[in-house]
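Visitor: Each residue of the sequence shown is one higher than the one before, counting from 0 in numbering that gives the first Met the number 0. Cβ atoms here follow ideal geometry from the backbone N, Cα and C, with glycine treated the same way. What you are looking at is a predicted structure, and each value in this text was computed from that prediction instead of being measured.
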Amino acid sequence: MPRTALLFSPLAALALALALPAAQAADPASARPGAAHFKQLDTNGDGAISREEAATAPALAGKFDMIDTDKDGKLTPQELRGFSEAHKSDVFGKLDTNGDGMLSHDEVASRPKLAEKFDSLDANKDGQLSPDEMRGMKMR
């Protein structure tokens, strides 16, 4: 297999997994291929992808801890969508200087308005802002 194919294959798997929730929200009928891929990864059919299930998609497995924002050991469609949306945002990506998929007090210090709202946005009071919690800011 050519080297580029080896690099593309895991990226394609991650792209499909990340695109699924957004595609379903936009048009459930057009999401069928992504849904099939999600179902393929979700081998036990519980509606989430465990660390073991993600191991079959190396690109997804490599970002598992960043995507699993509630740290329950499984990836839900909501977490995949949150990760995808957060990483589309240059602001979040630039602020997330350690690349862990979460924002700490130190990482938002350069944004006074965000730093001021940090505690009210931190819904689970873990001292970090997840992509989902950041979306909450946009809705307010």
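1) Below 8 Å on the Cβ atoms is my guess for I66 versus G100; work out the distance and round it to an integer in Å.
2) Below 8 Å, how does it come out for the segment 122-133 and the segment 75-82: are there three or more Cβ pairs, yes or no?
3) DSSP three-state call for K73: helix, strand or coil?
4) Which first and last residues belong to the alpha helix (DSSP H) in which A60 is found?
5) From the DSSP output, which residues share a beta bridge with I66?
6) Taking DSSP's pairing of strands, which residues face R49 in a bridge?
7) Does S119 come out as helix, strand or coil in the three-state DSSP assignment?
8) If you draw a straight line from the alpha carbon of K73 to that of D95, how long is it in whole angstroms?
9) Look at the alpha carbon of G92 and the alpha carbon of P111, and state the distance between them as a whole number of angstroms.
10) Which residues share a DSSP beta bridge with S140?
11) At the level of alpha carbons, what is the spacing between S103 and T55?
12) Please work out which residues of its chain come closer than 8 Å, Cβ to Cβ, to F63, disregarding the five sequence neighbours upstream and downstream, and give them in chain order.
13) Taking the beta carbon of E115 as the centre, do at least 16 other beta carbons fall within 10 Å, making it buried, or is it exposed?
Guide: This is what the structure gives:
1) The count along the sequence shown starts at 1 and reaches residue 66 at position 67. The count along the sequence shown starts at 1 and reaches residue 100 at position 101. Their Cβ separation, rounded to whole angstroms, is 7 Å, which keeps I66 and G100 in contact under 8 Å.
2) Judged by Cβ distances under 8 Å, the segment 122-133 makes contact with the segment 75-82, as three or more pairs qualify.
3) Position 74 of the sequence shown, counted from the start, is the residue given in the question as residue 73. Residue state, collapsed to three classes: strand.
4) For the purposes of this step, residue 60 is taken as residue 61 along the sequence shown, with counting starting at 1. Unbroken alpha helix (DSSP H) run through A60: 57-61.
5) The sequence position of residue 66 within the sequence shown is 67, counting from 1. I66 pairs with nothing; no bridge assigned.
6) For this step, residue 49 is matched to residue 50 along the sequence shown. Per the sequence shown, the amino acid found at residue 49 is Ser instead of Arg. In the DSSP output, where bridge partners are listed per residue, S49 has K73.
7) The residue you call residue 119 lines up with position 120 of the sequence shown. In the structure shown, the three-state DSSP call for S119 is helix.
8) If you number the sequence shown from 1, residue 73 lands on position 74. If you number the sequence shown from 1, residue 95 lands on position 96. Taking the straight line from one Cα to the other gives about 22 Å.
9) Reading the sequence shown from its first residue, position 93 is the one you call residue 92. Reading the sequence shown from its first residue, position 112 is the one you call residue 111. One C-alpha to the other measures close to 17 Å.
10) In the structure as shown, the chain begins at 0 and stops at 139. Residue 140 is therefore absent and cannot be evaluated.
11) Within the sequence shown, numbered from 1, the residue matching residue 103 stands at position 104. Within the sequence shown, numbered from 1, the residue matching residue 55 stands at position 56. For S103 and T55, the distance between alpha carbons rounds to 31 Å.
12) Along the sequence shown, read from residue 1 onward, the residue named residue 63 stands at position 64. These residues qualify, in order along the chain: R50, A53, L74.
13) The count along the sequence shown starts at 1 and reaches residue 115 at position 116. Looking at its Cβ environment, which holds fewer than 16 other Cβ atoms inside 10 Å, E115 is exposed.
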